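Following: one structure in structure tokens, then a few remarks.
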Amino acid sequence: MSRVLAYHDMIRGMLLHSKPTVSRLGEPKTKGILMSFAKTLALTALLTLPVAAEAKPPLRDVKEIDNELYYIAIANEISDYCPSISGRRLKAIGVMWGLKSKANNLGYSDTEIRAYVESDAEKDRMRAKGKAFLAQQGVTYDNPNSFCTLGRAEIERNSAIGVYLRAN
1 MSRVLAYHDM IRGMLLHSKP TVSRLGEPKT KGILMSFAKT LALTALLTLP
51 VAAEAKPPLR DVKEIDNELY YIAIANEISD YCPSISGRRL KAIGVMWGLK
101 SKANNLGYSD TEIRAYVESD AEKDRMRAKG KAFLAQQGVT YDNPNSFCTL
151 GRAEIERNSA IGVYLRAN
């Protein structure tokens with residue numbers, strides 16, 4: 001408390017001992033420490049304002065987050081359709097918590113993150129992207145063994161998808 005009072009007294013002393021002068025327009029102005037103090041306060045206020053001018057891209061455009069969720073989704077699909085491969089769900093959950101933290105550090109609120117993850121449009125986009133990838137790899141839903149073939153290849157390569165899979 002005594003520090004606050006000392007600081008208050010110091011500022012009061014600066015204000016009382018500043019020299020009044022006349023501006024070019026003939027109006028009184030304060031010169032010296034008071035002006036420096038006012039400039040410092042103004043600069044501090046500007047520096048501490050939220051950065052609203054820097055618009056964040058949608059989370060779907062933040063590749064290090066969107067791609068990782070995509071890899072987890074593909075691994076989950078493989079583990080759902082191939083009985084001889086299981087998903088490393090605890091690893092995926094840990095990575096997803098890390099992605100949430102990364103998104104928070106990039107300035108996204110929990111509400112923005114939840115809206116992205118729960119968005120039907122984003123789910124549809126991810127589903128379409130996943131179906132295109134699976135089709136490109138020769139995987140069909142009519143042939144569950146095709147999921148196993150892809151899953152084993154991803155595990156063997158230790159790919160971004162394979163790290164979320166385990167052969168039973």
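Numbering follows UniProt numbering, in which position 138 of the sequence shown is assigned residue number 138; successive positions increment by one, without gaps. Where is the CB? At the ideal position from N, CA and C, for every residue including glycine. Model, not experiment: these values are computed from the prediction.
Whose CA, out of Met126, Ala115, Pro144, Gln136, lies closest to the CA of Lys100?
Closest by alpha carbon: Ala115.
Beta-carbon proximity list for Glu154, same chain, < 7 Å, skipping 5 on both sides:
Closer than 7 Å at the Cβ level, and outside the excluded window around Glu154, lie Ile161, Gly162, Leu165.
With 16 as the cutoff for other CB atoms within 10 Å, does Lys151 come out buried or exposed?
In the sequence on display, residue 151 carries Gly and not Lys. Gly151 comes out buried.
Below 8 Å, can you find three or more Cβ-Cβ pairs linking the region 72-85 to the region 130-146?
Taking 8 Å as the limit for Cβ pairs, the verdict is that the region 130-146 does touch the region 72-85.
Going by DSSP, what residues sit across from Asn143 in a beta bridge?
DSSP lists Thr140 as partners of Asn143.
Buried versus exposed call for Leu69 [16 or more other C-beta atoms within 10 Å across all chains shown]:
So Leu69 counts as buried.
Start and end residues, alpha helix (DSSP H) containing Ala73
According to the DSSP assignment, Ala73 belongs to the alpha helix (DSSP H) that extends over 63-81.
Segment limits, alpha helix (DSSP H) that includes Ile161:
Per DSSP, Ile161 lies in no alpha helix (DSSP H) and is assigned neither H nor E.
Is it true that the CB of Gly107 sits closer than 7 Å to the CB of Lys63?
At least 7 Å separates the beta-carbon of Lys63 from that of Gly107.
Is it buried or exposed, residue 169, if we count other Cβ atoms within 10 angstroms and call 16 or more buried?
Residue numbering for the chain in the displayed model covers 1 to 168; residue 169 lies beyond these limits and cannot be assessed.
Given this structure, state the Cα-to-Cα distance separating Ala73 from Asn105, to the nearest angstrom.
Taking the CA atoms as reference points, Ala73 sits about 23 Å from Asn105.
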